[in-house]
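Protein chains: 2
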Amino acid sequence: MTVSENHGNASICLGCWDQMHVPIPIRGPLALPFRAFGITRSKMNPNICTICERAFRYVKQKNHVTANATILFADIRGFTFLSERMDPVRLGQVVSTFHDRCAEAIWAHDGIVNKQMGDGLMAIFNFPIRIDAHASAAIMAAQDIQRQCSAALQNLRSDLGDLPDHVLGVGVGIHTGDVEIGEFSSFRSDFTAIGGAVNLAARLESQAAIGEILISPATAARAPDLMTDSETRSLQLKGIEQPVDAAVLTDR
Amino acid sequence: MTVSENHGNASICLGCWDQMHVPIPIRGPLALPFRAFGITRSKMNPNICTICERAFRYVKQKNHVTANATILFADIRGFTFLSERMDPVRLGQVVSTFHDRCAEAIWAHDGIVNKQMGDGLMAIFNFPIRIDAHASAAIMAAQDIQRQCSAALQNLRSDLGDLPDHVLGVGVGIHTGDVEIGEFSSFRSDFTAIGGAVNLAARLESQAAIGEILISPATAARAPDLMTDSETRSLQLKGIEQPVDAAVLTDR
Chain A
1 MTVSENHGNA SICLGCWDQM HVPIPIRGPL ALPFRAFGIT RSKMNPNICT
51 ICERAFRYVK QKNHVTANAT ILFADIRGFT FLSERMDPVR LGQVVSTFHD
101 RCAEAIWAHD GIVNKQMGDG LMAIFNFPIR IDAHASAAIM AAQDIQRQCS
151 AALQNLRSDL GDLPDHVLGV GVGIHTGDVE IGEFSSFRSD FTAIGGAVNL
201 AARLESQAAI GEILISPATA ARAPDLMTDS ETRSLQLKGI EQPVDAAVLT
251 DR
Chain B
253 MTVSENHGNA SICLGCWDQM HVPIPIRGPL ALPFRAFGIT RSKMNPNICT
303 ICERAFRYVK QKNHVTANAT ILFADIRGFT FLSERMDPVR LGQVVSTFHD
353 RCAEAIWAHD GIVNKQMGDG LMAIFNFPIR IDAHASAAIM AAQDIQRQCS
403 AALQNLRSDL GDLPDHVLGV GVGIHTGDVE IGEFSSFRSD FTAIGGAVNL
453 AARLESQAAI GEILISPATA ARAPDLMTDS ETRSLQLKGI EQPVDAAVLT
503 DR
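Chains as they are written, first to last, in the working numbering: chain A, 1 to 252; chain B, 253 to 504.
Take a look at the structure:
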């Protein structure tokens, strides 16, 4: 990221700048004519624009590209349990709280919320906004997610009475590697990332207990400063032959 | 669905008609002025428009509503295995083939592709396009998915040499029930469905082997005509206390 160190409110799209060196105004009076053509701030990250979000083939001149990135998955633990017992309005509040808190944390570290699916989400760090230390950025975002969600969900928890320990908290999984980024269906225009590295991050997240961040060895090796309080846990993950020695961070 | 029985190409948005009785042109010359304001055909289903897709609060005058719907999940079995062994370009082809074939099948039965996430997707039947027999519509879409994907993936399979039996096919899970439909984060504008019924459909899908469609008792009871060749399988699903007696359809 070369244009702005102010992660709060960039004046031009950081994605278009990093990927094409084209300055697309997204805030201020210069952004108005663009808005008239439907070019606005992206829902994935308000510092990128809808060109990055929906015109991948135009931005990269290819259907997909290989990129080194850090992938973060987060979801609400025990959501199936919760969804069978909670009234729908309250359940909607839990999901909204989760998504909003996660997005704030991810955006603060220049990641994008690429996919939301029910009580889960997938974030990408290092595309389209370039981040040299993308592994560290993702880990710090995960720590913010755990802190912010735990505070917000704690309030809900006390309203709900007795809940088992495995309910109403967040689990996170992170992995760094080469992924394929692009459009993978002829009818959707928003890009995503696929590949073994994406699946490993998802598998790690599925093993994370409430409050835990499970970090792959590849990610941990790139962020030794953040690993001082971590434990190591050997995990057998579905579809992956060798056990994975994940680093576990817990916000306690 | 009262306006058109031609599921191929509706002239007005079937969602806006069914939800608000407002005719929004989406094809033909009348659609042109709408297109100038960014109102085009939705990526979720080309017979609905971007008002249905992105303006849920405007359409329903609420943040979310409870609706009876049938939820379908489908994904590529053994994708983690595959993604660790296949080159990224080929992997992209597999995912694109899957998403395109699934979408055709879902649209042919008036469902919408609500979410795509890597090698998986979630479809909703009975919102925003109303379908009286939404359970049957989803089951028939699932049968089309299995038929079309198995033919398309078989071609890829023969190029790839020896693969284990659990790799390169599709699993589907279906459940019918009351779900909450709406926008569940303050920064995304596309609607989705959440709730226990959504999670049960996802859990069923996770248990489906290649070629299988796992159907909940609630869905099966609404479509007895389609169940004549089904077997029953008792499943213990994560987060759900009672075992579920799923009906299993296999395309053989």
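The beta-carbon is built from N, C-alpha and C at its ideal position, and this holds for glycine as well.
Count the other CB atoms within 10 Å of the CB of residue i; is the residue buried (16 or more) or exposed (fewer)?
{"i": "B/Pro476", "result": "exposed"}
{"i": "B/Asn261", "result": "exposed"}
{"i": "B/Ser437", "result": "buried"}
{"i": "B/Asn320", "result": "exposed"}
{"i": "B/Asn258", "result": "Any reading at B/Asn258 must be qualified, since the residue scores a pLDDT of 45, below 50, and its modelled position is unreliable; the value itself is stated next. Flag for B/Asn258 reads exposed."}
{"i": "A/Ala36", "result": "exposed"}
{"i": "A/Ala197", "result": "buried"}
{"i": "B/Ala460", "result": "buried"}
{"i": "B/Ser410", "result": "exposed"}
{"i": "B/Leu282", "result": "exposed"}
{"i": "B/Lys314", "result": "exposed"}
{"i": "B/Leu489", "result": "buried"}
{"i": "A/Val22", "result": "exposed"}
{"i": "B/Asp417", "result": "exposed"}
{"i": "A/Asp162", "result": "exposed"}
{"i": "A/Ile18", "result": "In the sequence as presented, Ile is not what sits at residue 18 of chain A; that position holds Asp. Result: buried."}
{"i": "B/Asp362", "result": "buried"}
{"i": "B/Gly344", "result": "buried"}
{"i": "A/Thr2", "result": "Per-residue confidence for A/Thr2 stands at a pLDDT of 39, beneath the threshold of 50, marking its modelled position as unreliable; the derived number appears in the next sentence. So A/Thr2 counts as exposed."}
{"i": "A/Asp251", "result": "buried"}
{"i": "B/Gly447", "result": "buried"}
Within its chain, find whatever has a CB closer than 7 Å to the CB of residue i; leave out the 5 residues flanking it on each side and keep chain order.
{"i": "A/Arg233", "result": "Ala246 and Val248"}
{"i": "A/Leu121", "result": "Ala74, His99, Cys102, Val113 and Lys115"}
{"i": "A/Met20", "result": "Val59"}
{"i": "B/Met296", "result": "Glu305, Ile364, Val365 and Asn366"}
{"i": "A/Asp257", "result": "The shown model of chain A, from 1 to 252, leaves out residue 257 of chain A, and the question about it has no answer."}
{"i": "B/Thr453", "result": "Just to set this straight, residue 453 of chain B is Ala in the shown sequence, not Thr. Cβ within range, chain order: Ile323, Leu324, Phe325, Gly425, Ile426 and His427."}
{"i": "A/Ser42", "result": "Ile48, Cys49, Thr50, Cys52 and Glu53"}
Quick one: what does DSSP say residue i is sitting in, helix, strand or coil?
{"i": "A/Phe73", "result": "strand"}
{"i": "B/Leu419", "result": "At residue 419 of chain B the sequence reads Val, which differs from the Leu that was named. Residue state, collapsed to three classes: coil."}
{"i": "A/Arg233", "result": "strand"}
{"i": "A/Leu249", "result": "strand"}
{"i": "B/Ala445", "result": "strand"}
{"i": "A/Pro243", "result": "coil"}
{"i": "B/Gly425", "result": "strand"}
{"i": "A/Gly92", "result": "helix"}
{"i": "A/Asp178", "result": "strand"}
{"i": "B/Glu336", "result": "helix"}
{"i": "B/Val255", "result": "Interpretation of B/Val255 is limited by its pLDDT of 39, a score under 50 that renders its predicted location unreliable; the figure taken from the coordinates is listed afterwards. B/Val255 falls in the coil class under three-state DSSP."}
{"i": "B/Ala472", "result": "helix"}
{"i": "A/Glu205", "result": "helix"}
{"i": "A/Phe79", "result": "helix"}
{"i": "B/Thr349", "result": "helix"}
Between which residues of its own chain and residue i is the CB-CB distance below 8 Å, once the five residues before and five after are set aside?
{"i": "A/Ile139", "result": "Ile174, Ile213, Ile215, Thr219, Ala223, Leu226 and Leu249"}
{"i": "B/Gly491", "result": "Asn451 and Arg455"}
{"i": "A/Val95", "result": "Ile76, Gly118 and Asp119"}
{"i": "B/Val251", "result": "Within the shown structure, residues of chain B are numbered from 253 to 504, placing residue 251 of chain B beyond reach of any answer."}
{"i": "B/Thr349", "result": "Cys401, Ala404, Leu405 and Leu408"}
{"i": "B/Val424", "result": "Leu324, Phe325, Ala326, Ala394, Ile397, Gln398, Glu457, Ala460, Glu464, Ile465 and Leu466"}
{"i": "B/Phe333", "result": "Pro416, His418 and Val419"}
{"i": "A/Ser136", "result": "Arg222, Ala223, Asp225 and Leu226"}
Is residue i near the ligand SAM, with its Cβ less than 7 Å from a heavy atom?
{"i": "A/Met117", "result": "Among the components modelled here there is no ligand, and therefore nothing to report on the ligand SAM."}
Leaving out five residues before and five after residue i in sequence, what residues of the same chain have Cβ atoms less than 6 Å from its Cβ?
{"i": "A/Ile210", "result": "Arg77 and Gly169"}
{"i": "A/Cys13", "result": "Ile24, Ile26, Ile48 and Cys49"}
{"i": "B/Phe379", "result": "Ala319, Ala321 and Ile433"}
{"i": "A/His134", "result": "Thr70, Phe125 and Asn126"}
{"i": "B/Gly267", "result": "Ile300, Cys304, Pro380 and Ile381"}
{"i": "A/Glu231", "result": "Val248"}
{"i": "A/Ser4", "result": "Note that A/Ser4 scores 38 on pLDDT, short of 50, meaning its location in the model is unreliable; the coordinates nonetheless yield the value given after this. Ala10, listed in sequence order."}
**OP:** Would you mind listing the alpha helix (DSSP H) stretches within the segment 101-164 of chain A that are 4+ residues and don't spill past its ends, in chain order?
**Re:** The qualifying runs are 134-160.
Original post:
Given 8 Å as the limit, is there contact between the segment 291-308 of chain B and the segment 333-349 of chain B, that is, 3 or more CB pairs closer than that?
Top reply: Flag = no, the segment 291-308 of chain B and the segment 333-349 of chain B do not touch.
Subject >> Continuous beta strand (DSSP E) assignments of at least 3 residues falling wholly in the segment 260-322 of chain B >> reply: Segments of the beta strand (DSSP E) lying fully in the segment 260-322 of chain B: there are none.
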